[in-house]
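Using our numbering, the first residue of the sequence shown is number 101, and each one after it goes up by one.
All residues carry an ideal CB built from backbone N, CA and C; glycine is no exception.
Since we're looking at a predicted model, the values are computed, not measured.
Notes for the one structure printed next.
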Amino acid sequence: MKKKFLINTLFVLLIISFLLSSCKPVEQNKNTENDIKSDDSSSLLKVGMVTDSGTIDDKSFNQGTWEGIEKYRTDTNKIETKYLKPQGMQPSDYKKTISTLIDSKYDLIITSGFMFEEPVKEISKEFEDTSFVLIDGDAKESKNVVSVSFAAEESAFLAGISAALSTKTNKLGFVGGQAIPPVKDFEFGFKAGVKYAQEKLDSKAKIEYSQYADSFDDVAKGKTIASTMYSKDVDIIFHAAGGVGTGVITEAKERALKDNLVYVIGVDKDQYSEGIYKDDKSIILTSAMKRVDMAAYRFIDDKVNNKFEGGTQIKLSLKDEGVGLPEENPNLSKETIDEIAKIKKEVVEGKIVVPKSEEEVEKFLK
């Protein structure tokens, strides 16, 4: 009887122990936004990403980069992935976050944005066994960094022409995040596209308002800026503002639901789906894309196949489909789409050189 009692007691204790261990919370790394592992992670290349000031689901630059990384993981099952978001926006915060991935033995680190240029230059020289992809920056003097830039002015040029040929009020707007070179490229390309349409295509459109939010993640500020512009008869706004652009898109959607249809030109990735306000109708006129997803995918593949060439600067343009407008643009007329196709061909062939500075814009059509 005593023996049976002891066996029953031990059995109950075992059950309680199992239940307690099952309910124990999983320890979380506060810095880690995503961590995907495999049962056989030792054979996988470890690829890490550090976001800029926006979030991983910013519907823009960060999200596009991460989608390229994740597509490679699901296509090949050859990599293990993680992304981190810095706790602040200073170079020291970026460097600290990169160091966290290095300490965790990540083989390839992809940084998303111009603000990483100096931190990557510094840390890549300290850790020469780690490979880096610097998107929208130049660190080609570092032998373990591939620097990727984009001819953003070319996609913005086509977007400017699209806006100039589509506007009903002839009043256009531009909203930028921070006034850094990659964003200025979008602005100058957009200006050049509108001016080209004025001179060559008989458009009356003008960019009436241009404003920077000094942020890439202040959604509320983006909404406020857009509200002001739309209230002044602007009917198309081009945003190059990351998460701030989410506010611009939200404002346009709210107006469309009240039968005041206005449009937004998206940035970095095709944002048509983000602009859907009813059924399959969207307030996204078109999007000036940077194929950051393609860049991430390409250089991960190079690393996996021992073809990674550090110390190089790669610029992706219309010619190699690194930038451009989406393949499908439901809100553009057939006439506009046909005109854009002809102009794109001239840019690719070098017959049109799109300006990327204020001075070049002024000289562009003279």
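Of the candidates 464, 443 and 449, the residue whose Cα lies closest to the Cα of residue 455 is 464. Counting the other Cβ atoms within 10 Å of the Cβ of residue 254 gives 16 or more, which makes it buried. From the listed residues 228, 300, 380 and 260, the smallest Cα separation to residue 286 is found for 260. Proximity to residue 265 across 247, 300, 340 and 326 peaks at 300, based on C-alpha coordinates. Here residue 348 is buried. Its C-beta has 16 or more other C-beta atoms within 10 Å. Your pair residue 274 and residue 307 checks out as a contact, with CB atoms roughly 6 Å apart and the cut at 8 Å.
Residue 297 is classed as buried because its beta carbon has at least 16 other beta carbons within 10 Å across all chains shown. Distances from the CA of residue 393 to each of 303, 380, 291 and 173 were compared; the closest alpha carbon is that of 173. If only complete runs of 4 or more residues are kept, the region 225-299 shows the alpha helix (DSSP H) at 252-266, in order along the chain. Secondary-structure assignment with DSSP links residue 364 through a beta bridge to 337 and 384. The residue among 315, 410 and 367 with its C-alpha nearest the C-alpha of residue 338 is 367. A contact between stretches requires three or more CB pairs, one per stretch, nearer than 8 Å, and the region 392-408 fails this requirement with the region 375-383.
The beta carbons of residue 364 and residue 375 sit closer together than 8 Å. Distance from the CA atom of residue 271 to the CA atom of residue 332, rounded to whole angstroms, is 9 Å. Exclusion of the five residues before and after residue 206 leaves 146 and 148 as the residues of its chain whose Cβ lies within less than 6 Å of its Cβ.
When C-alpha distances from residue 414 are compared across 234, 184 and 228, the shortest belongs to 234. Within its own chain, the residues whose Cβ lies closer than 7 Å to the Cβ of residue 397, once the five positions on either side in sequence are excluded, are 168, 171 and 172, listed in chain order.
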